[in-house]
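Below is one structure, written out as structure tokens, with a few remarks after it.
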Amino acid sequence: MKEYTVKEVAELLGKHEETIKRWIRAGKLPNSYRNSDKEGWRIAESDLLNLNHPPVSNDVPEQVNEEKEIQLAVEQVEGDEQELVRLAYEAVTLTSPTDQMVQTLAYVGIKRTLEILLIMQQSPHKVKNPDGFIRKAISKGWSPTTLPQKIDKRLTEFESRKKRTEQIQQEAPSFNWLENEWQR
Numbered sequence: 003m004k005e006y007t008v009k010e011v012a013e014l015l016g017k018h019e020e021t022i023k024r025w026i027r028a029g030k031l032p033n034s035y036r037n038s039d040k041e042g043w044r045i046a047e048s049d050l051l052n053l054n055h056p057p058v059s060n061d062v063p064e065q066v067n068e069e070k071e072i073q074l075a076v077e078q079v080e081g082d083e084q085e086l087v088r089l090a091y092e093a094v095t096l097t098s099p100t101d102q103m104v105q106t107l108a109y110v111g112i113k114r115t116l117e118i119l120l121i122m123q124q125s126p127h128k129v130k131n132p133d134g135f136i137r138k139a140i141s142k143g144w145s146p147t148t149l150p151q152k153i154d155k156r157l158t159e160f161e162s163r164k165k166r167t168e169q170i171q172q173e174a175p176s177f178n179w180l181e182n183e184w185q186r
């Protein structure tokens, strides 16, 4: 059976390499394996043929263009994932997401989308800007176990001043002129 690299599959399907890697992590290409970091992923031809593709009717000749078939399967999978992302977003925020937000969340994958929406749901304060919150959660790598905490700026300024004064006091030599006079 023929095997492909991530780059070859991406070129074959007209997708980005990260999309193919995301599919591997999601289990959509179950027979994929990786011997080493240097060699990278190997994807079995059977995985590409077994992507959720629409059934072929009997009217079509048996010699079907595999690339078009795979492309249709990929588009269907991506469409399904975008629909799941849209439904999850609506369930948590009670608003409809923009197309750009759906694309962003579909890019990170449905599992990560659900994690981010869980973080939003667990937030102690009402999230006024869900899109900004989601972008920040993606960029900062937040997880449900590391909820963002609001820090009082006044408290942090006080603590930093306190540390600076302690450092200055430790570094500065203490001179007690009374002790010096007494010892003479």
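Each position in the sequence shown, counted from 1, maps to that position plus 2 in this note's numbering.
Positions of the beta carbon are idealized from the N, C-alpha and C atoms, including for glycine.
What separation, rounded to the nearest whole angstrom, lies between the Cα atoms of residue i and residue j?
i	j	result
residue 4	residue 109	28 Å
residue 121	residue 31	29 Å
residue 7	residue 53	17 Å
residue 114	residue 142	13 Å
residue 88	residue 19	24 Å
residue 170	residue 162	12 Å
residue 96	residue 107	16 Å
residue 47	residue 16	16 Å
residue 38	residue 139	31 Å
residue 137	residue 164	34 Å
residue 86	residue 36	29 Å
So, at 7 Å on beta carbons, what are the nonlocal neighbours of residue i in its own chain, with the 5 sequence-adjacent residues on each side left out?
i	result
residue 145	117
residue 135	122 and 129
residue 26	34 and 43
Under the rule that 16 or more other beta-carbon atoms within 10 Å means buried, what is residue i, buried or exposed?
i	result
residue 160	exposed
Hey, would you say residue i sits closer than 8 Å to residue j, going by beta carbons?
i	j	result
residue 12	residue 111	no
residue 103	residue 133	yes
Once the 5 residues before and after residue i are set aside, which same chain residues still bring their CB inside 8 Å of it?
i	result
residue 92	98 and 99
residue 105	84
Return the chain-ordered list of same chain residues with a C-beta closer than 6 Å to the C-beta of residue i, the five sequence neighbours on each side being excluded.
i	result
residue 119	90 and 94
Going by Cα to Cα distance, which pick from the options is closest to residue i?
i	options	result
residue 45	38, 39, 10 and 21	10
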